[in-house]
Amino acid sequence: MLVANKPSIIRSIIICGGILLDQLDRRLLNLIQEEFPLVARPYQEIGCRLGLSEDEVIRKIRKLKTDGIIRRLGGVFELRQLGYTSTLCALKVPPGRLEEVAAVVNSFPGVTHNYLREHDYNMWFTLIGPDRRHLENVIRAIKERTGITELLELPAERPFKIRVNFDLEAED
Numbered sequence: 060m061l062v063a064n065k066p067s068i069i070r071s072i073i074i075c076g077g078i079l080l081d082q083l084d085r086r087l088l089n090l091i092q093e094e095f096p097l098v099a100r101p102y103q104e105i106g107c108r109l110g111l112s113e114d115e116v117i118r119k120i121r122k123l124k125t126d127g128i129i130r131r132l133g134g135v136f137e138l139r140q141l142g143y144t145s146t147l148c149a150l151k152v153p154p155g156r157l158e159e160v161a162a163v164v165n166s167f168p169g170v171t172h173n174y175l176r177e178h179d180y181n182m183w184f185t186l187i188g189p190d191r192r193h194l195e196n197v198i199r200a201i202k203e204r205t206g207i208t209e210l211l212e213l214p215a216e217r218p219f220k221i222r223v224n225f226d227l228e229a230e231d
């Protein structure tokens, strides 16, 4: 969809979840996904690249977070390089206990993702920890606190892809 901003300027607008993103928003989102500057004042650096002030960048990012476009802004680390290990777990949770069990599972800091699935094993989550023993202790604690013993554990053997970037400036 094209929208006239000023008589002499036409800029493209895309709709993302009912939110209008102009070209500047899309450039900002691409930049923070792909090249977040590791400097003392990263928002100032981003502003220089986009022709904005540091405060304008911070305001735009806050709005994108408030609007639900940005869920999280933070580092992604190569956990194996740091000596950490991970596993994918699946629990068989009675439908009436989903919220309760999700709250217990999510209370553990090593749980990074937790999803409801249409399957007998209907709650799937990723667990990360410093070593195998730590993961076993957390899994044991989850079983004890929830009373659910039917848990599948699928340890990661080799990552194939752990990153995705959404190119918001690409042409359709």
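Note that my numbering has the sequence shown beginning at 60, numbered continuously upward.
For every residue, glycine included, the Cβ atom is placed at its ideal position computed from N, Cα and C.
Exposure of residue i, with buried meaning 16 or more beta-carbon neighbours within 10 Å
i, result
"residue 191", "exposed"
"residue 171", "exposed"
"residue 64", "Residue confidence is low: residue 64 scores 38 on pLDDT, short of 50, so the model does not pin down where it sits. No coordinate-derived value is stated."
"residue 155", "exposed"
"residue 106", "buried"
"residue 79", "exposed"
"residue 136", "exposed"
"residue 132", "exposed"
Nearest-angstrom Cα separation, counted from residue j out to residue i
i, j, result
"residue 112", "residue 104", "9 Å"
"residue 99", "residue 141", "24 Å"
"residue 173", "residue 110", "38 Å"
"residue 193", "residue 179", "27 Å"
"residue 88", "residue 134", "15 Å"
"residue 206", "residue 186", "19 Å"
"residue 213", "residue 204", "21 Å"
"residue 166", "residue 216", "25 Å"
8 Å Cβ cutoff met for residue i and residue j
i, j, result
"residue 147", "residue 160", "no"
"residue 163", "residue 201", "yes"
"residue 144", "residue 188", "yes"
"residue 119", "residue 84", "yes"
"residue 90", "residue 108", "yes"
Rounded distance between the beta-carbons of residue j and residue i, thought under 8 Å
i, j, result
"residue 211", "residue 182", "No, residue 211 and residue 182 are not in contact; Cβ-Cβ is about 11 Å, not under 8 Å."
Output the residue ranges of the beta strand (DSSP E) runs that lie fully inside the stretch 93-174 and measure 3 residues or longer, sorted by chain position.
The qualifying runs are 144-150.
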